[in-house]
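These notes concern the structure reproduced below.
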Amino acid sequence: MASAPSATAARPRLSARIAGIAESATLAVDAKAKALKAAGRPVIGFGAGEPDFPTPPAIVAAAQAACADPRNHRYSPAAGLPELREAVAAKSLRDSGLELPASRFLITNGGKQAVYEAFATLLDPGDEVLLPTPYWTTYPEAIALAGGVTVEVVCGPEADFLPSVEQLEAARTPRTKVLLWCSPSNPTGAVASRELTEAVGRWAVENEVWVVTDEIYEHLVYDGAEAASLPVVVPELLDTCVVLNGVAKTYAMTGWRVGWLAGPADVVKAATNLQSHLSSNVCNVAQRAALEAVSGPLDAVAEMRAAFDRRRRTIVELLSAIPGVVCPTPRGAFYAYPSVQEILGREIRGVRPSTTVELAALVLEHAEVAVVPGEAFGTPGFFRLSYALGDEDLRTGVERMGALLAEAR
Ligand code: PMP
Numbered sequence: 032m033a034s035a036p037s038a039t040a041a042r043p044r045l046s047a048r049i050a051g052i053a054e055s056a057t058l059a060v061d062a063k064a065k066a067l068k069a070a071g072r073p074v075i076g077f078g079a080g081e082p083d084f085p086t087p088p089a090i091v092a093a094a095q096a097a098c099a100d101p102r103n104h105r106y107s108p109a110a111g112l113p114e115l116r117e118a119v120a121a122k123s124l125r126d127s128g129l130e131l132p133a134s135r136f137l138i139t140n141g142g143k144q145a146v147y148e149a150f151a152t153l154l155d156p157g158d159e160v161l162l163p164t165p166y167w168t169t170y171p172e173a174i175a176l177a178g179g180v181t182v183e184v185v186c187g188p189e190a191d192f193l194p195s196v197e198q199l200e201a202a203r204t205p206r207t208k209v210l211l212w213c214s215p216s217n218p219t220g221a222v223a224s225r226e227l228t229e230a231v232g233r234w235a236v237e238n239e240v241w242v243v244t245d246e247i248y249e250h251l252v253y254d255g256a257e258a259a260s261l262p263v264v265v266p267e268l269l270d271t272c273v274v275l276n277g278v279a280k281t282y283a284m285t286g287w288r289v290g291w292l293a294g295p296a297d298v299v300k301a302a303t304n305l306q307s308h309l310s311s312n313v314c315n316v317a318q319r320a321a322l323e324a325v326s327g328p329l330d331a332v333a334e335m336r337a338a339f340d341r342r343r344r345t346i347v348e349l350l351s352a353i354p355g356v357v358c359p360t361p362r363g364a365f366y367a368y369p370s371v372q373e374i375l376g377r378e379i380r381g382v383r384p385s386t387t388v389e390l391a392a393l394v395l396e397h398a399e400v401a402v403v404p405g406e407a408f409g410t411p412g413f414f415r416l417s418y419a420l421g422d423e424d425l426r427t428g429v430e431r432m433g434a435l436l437a438e439a440r
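Written out as structure tokens, the structure is:
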């Protein structure tokens with residue numbers, strides 16, 4: 032019997048869409064550092080974007096109580112527990128002045144799912160997204176998964192890593208659908224001024240460009256910097272703006288996986304439909320923990336901010352003392368983003384790293400310090416160091432890296 036012609040040889044095993052996704056560079060660096068540590072090497076990790084503090088006890092206690100309550104053992108609404116949506120709406124008004132009813136919030140499995148769902152909901156194939164660069168490594172992947180096209184708007188340290196309206200306008204085309212905005216920024220720690228925020232918001236309204244604004248670092252600002260919320264500064268933007276946020280960074284809850292997305296009713300409805308097929312409700316126990324977090328005071332955040340601020344000053348001082356390293360002072364989040372450009376091409380321990388990927392590998396091998404190379408954020412020539420780690424490790428780690436880099440000839 033003649034068999035049907037086989038198409039498998041010509042057919043790729045994986046879809047091009049998924050095969051094209053790069054591994055998260057930040058998680059990869061963190062995993063490698065943790066593996067070396069487990070093997071007994073004294074690695075100090077500056078890779079992960081997570082607070083080193085435990086989740087505050089009252090939040091943990093709420094989760095413990097939630098475990099014992101059978102109401103939490105069942106499916107709950109895909110959009111989130113009604114109490115949590117109410118509390119997040121109240122928290123948004125309290126913290127950033129964003130005034131929206133609970134129905135306009137969708138509780139997601141961490142901020143990452145909110146990023147993915149926002150782009151999946153807004154983009155058709157070929158739609159362009161303006162992405163201020165350096166960018167957080169997840170954005171271009173989420174944009175590509177949704178069929179969108181990333182248009183990088185490169186912003187250097189001379190401009191505090193922030194785009195100007197002129198730059199955005201120069202990058203705009205008839206296909207531009209969305210601007211991604213992230214202030215305070217991962218990876219640079221840059222914080223947009225109220226004036227820039229307002230100018231960008233007005234430009235977006237005038238040009239009918241949607242804005243996806245990621246406010247996950249809203250509480251981590253220093254030196255009097257203010258994290259102004261785009262749709263609050265420019266309310267005309269409310270109908271074409273999606274706000275992303277979550278509990279991970281503010282309450283030291285990275286492992287709990289609770290975030291949210293807020294936006295126009297049709298966007299929230301469509302994103303909820305997507306989530307209802309993708310993952311349904313976020314774990315009820317985690318939602319109950321998040322409810323305790325966002326309903327409670329901001330004392331723990333204030334304590335963490337004070338520690339991060341101290342470490343920020345230390346890391347900038349130590350990095351700036353390394354020959355060939357230029358470190359702008361970040362004013363938000365918990366990252367430093369120094370240039371190591373001057374060290375590339377010089378010899379260290381018998382090799383001449385020509386990229387920051389190679390230099391970071393050398394630093395991990397010989398200084399036993401993990402940093403994320405700038406390639407992960409669209410700007411080779413830089414390192415990202417998270418300073419959300421203990422004061423002593425921070426000092427030892429940067430000093431160890433500094434001693435190695437000082438060998439460059
Ligand atoms: N947005 C930004 C800018 C981030 O840095 C992160 C975490 N690295 C997230 C969103 C997502 O956080 P999570 O998924 O842990 O809530």
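Residue numbers (my numbering): 32 to 440. Glycine included, each C-beta is placed from N, C-alpha and C at the ideal position.
Any non-hydrogen atom of ligand 1 within 8 Å of residue i CB
i    : result
W167 : yes
A248 : Contrary to the premise, residue 248 reads as Tyr rather than Ala in this sequence. Answer for Y248: yes, Cβ within range of ligand 1.
A173 : no
C213 : yes
V74  : no
G141 : yes
A149 : no
R362 : no
A279 : yes
R288 : yes
L275 : yes
Q318 : no
V146 : yes
T57  : yes
D191 : no
G80  : yes
T410 : no
T285 : yes
N27  : What is shown of the chain runs 32 to 440, which leaves residue 27 out entirely.
D245 : yes
Secondary structure of residue i, DSSP reduced to three states
i    : result
N276 : strand
C213 : strand
W287 : helix
V185 : strand
T164 : strand
D191 : coil
S417 : strand
I75  : strand
G296 : The question names Gly, yet the displayed sequence has Ala at residue 296. Three-state DSSP puts A296 in a helix.
T169 : helix
T219 : coil
T303 : helix
CA-to-CA distance, residue j to residue i, given in whole angstroms
i    : j    : result
L137 : T360 : 35 Å
I247 : L261 : 13 Å
N304 : P132 : 19 Å
I52  : T169 : 10 Å
L197 : L435 : One point to set straight first is that residue 197 is Glu, not Leu, in the sequence displayed. For E197 and L435, the distance between alpha carbons rounds to 41 Å.
A337 : V400 : 25 Å
T181 : L162 : 6 Å
A331 : P87  : 7 Å
E348 : P215 : 21 Å
R203 : E159 : 9 Å
K300 : E189 : 41 Å
G290 : V278 : 6 Å
S385 : L350 : 20 Å
G376 : G327 : 51 Å
L153 : L275 : 14 Å
T219 : E249 : 14 Å
V252 : A333 : 10 Å
R48  : A177 : 9 Å
N312 : A392 : 40 Å
R426 : T164 : 29 Å
S127 : R288 : 22 Å
F408 : V60  : 13 Å
G142 : T244 : 12 Å
V146 : L309 : 14 Å
Outcome for residue i when other beta-carbon atoms lying within 10 angstroms are tallied against a minimum of 16
i    : result
V184 : buried
G76  : buried
C16  : Past the edges of the chain, shown from 32 to 440, lies residue 16, and the structure says nothing about it.
L390 : buried
N238 : exposed
A367 : buried
P156 : exposed
R342 : buried
D297 : exposed
G428 : buried
E438 : exposed
Distance cut-off 8 Å: residue i Cβ against heavy atoms of ligand 2
i    : result
A120 : In the structure on display, ligand 2 does not appear, and the ligands it does have are ligand 1.
Item to check | Ordered list of alpha helix (DSSP H) runs contained in the segment 315-403, each at least 4 residues | outcome: 315-326, 330-351, 387-393
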